[in-house]
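For reference, the structure is listed below as structure tokens.
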DNA sequence: ACAATGACCCAGT
DNA sequence: AACTGGGCCATTG
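As structure tokens, then:
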């Protein structure tokens, strides 16, 4: 393992991601906004993609704004992610999409 | 230090 | 409904 070096950005991202309660999901844009970077949802995805804290950060609870899962998700792919989420209480649409109206968690309001 | 890449989002056509 | 372009930021080679 290398030195765990993370930026403030990553730190916030992980913090928020970890804050997502079980049975809820969140979107990259939401995390980006909550972190104070608004439009940098990309960086969020990137940071989570590298995911130096894989076991600590529930990146599987993070979906895109469409409610779909990330296409290149690691750790076995989307199937694994979907299974995990279903096991946590998330329900998927027939298209393999999450009902954000019911399961999206808002960090601050 | 630079250039390229990426698990994104929004608006316009 | 589908495609294109623009925008923001971090990580990696």
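Residue numbers (our numbering): 43 to 151.
Don't be surprised by glycine CBs; every beta carbon is placed ideally from N, CA and C.
| Item | Value |
| --- | --- |
| Any non-hydrogen atom of the ligand COA within 7 Å of residue 48 CB | In the structure shown, the ligand COA is absent, as is every other ligand, since no ligand is present at all. |
| Straight-line gap, residue 147 to residue 56 (C-alpha atoms, nearest Å) | 15 Å |
| Residue 84: first and last residue of the uninterrupted alpha helix (DSSP H) it sits in | 83-92 |
| Span separating the alpha-carbon of residue 141 from that of residue 126 | 16 Å |
| Distance between residue 62 and residue 99 (C-alpha atoms, nearest Å) | 10 Å |
| DSSP beta-bridge partners of residue 59 | Note: residue 59 sits in no beta bridge, so no partner. |
| Whether residue 132 touches residue 145 by CB criterion (8 Å) | yes |
| Collapsed DSSP secondary structure at residue 77 in the structure displayed | helix |
| Collapsed DSSP secondary structure at residue 107 in the structure displayed | coil |
| Exposure of residue 84, with buried meaning 16 or more beta-carbon neighbours within 10 Å | exposed |
| Reference residue 117, options 106, 105, 74 and 96, closest by Cα | 96 |
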